[in-house]
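Chemist: Attaching a single structure in structure tokens format; questions to follow.
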Amino acid sequence: MQTNASSTDVIAGVLLLTICSLAVLLGVTNLILIRKMKVFHNAFGWFAASRTFGEVCCNLVHVLCTAPVTLMWVSME
């Protein structure tokens, strides 16, 4: 099997990896800030933290699965 990633696949994979990695980094930073700031120790803070946690998990799927598959596209022909 050989890698058949076109230039479009490489561009898409690099963009996906870059943007989602940045989103994971900012999401984790957001979770740390929510935990440290007293103003978020209420129901809204729990809502914001749970939503951010979900977004971080979704972006981790893109970083760990979707981007590498896009970058290393293998044709089964």
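Counting from 1, position 46 in the sequence shown corresponds to residue 53 in my numbering; the numbering is continuous, with no gaps.
Note that CB positions come from ideal geometry on N, CA and C, so glycine has one too.
If you compare alpha carbons, which of 47, 16 and 30 is closest to residue 70?
Modeler: Translated into positions along the sequence shown, residue 70 becomes position 63. Cα-wise, what sits closest to residue 70 is 30.
Chemist: Among the residues of its own chain, which have a CB less than 6 angstroms from the CB of residue 74, if the five just before and after it don't count?
Modeler: Translated into positions along the sequence shown, residue 74 becomes position 67. These residues qualify, in order along the chain: 20, 23 and 24.
Chemist: Indicate whether residue 67 and residue 16 have their beta-carbon atoms separated by less than 9 angstroms.
Modeler: As a first step, residue 67 is located in the sequence shown; it is residue number 60 there, counting from the start. As a first step, residue 16 is located in the sequence shown; it is residue number 9 there, counting from the start. No, they are not a contact pair.
Chemist: Just to confirm the assignment, what range does the alpha helix (DSSP H) spanning residue 60 have?
Modeler: In the sequence shown, counting from the first residue as 1, residue 60 sits at position 53. 50–68 is the extent of the alpha helix (DSSP H) around residue 60.
Chemist: According to the Cβ coordinates, are residue 32 and residue 56 closer than 9 angstroms?
Modeler: Your numbering for residue 32 matches position 25 in the sequence shown. Your numbering for residue 56 matches position 49 in the sequence shown. Taking 9 angstroms as the Cβ cut-off, residue 32 and residue 56 do not qualify as a contacting pair.
Chemist: Can you tell me the Cβ-Cβ gap for residue 11 and residue 76, rounded? I've got them flagged as a contact below 8 angstroms.
Modeler: On the sequence shown, residue 11 is found 4 positions in, with the first residue counted as 1. On the sequence shown, residue 76 is found 69 positions in, with the first residue counted as 1. The Cβ separation is near 13 angstroms, so there is no contact.
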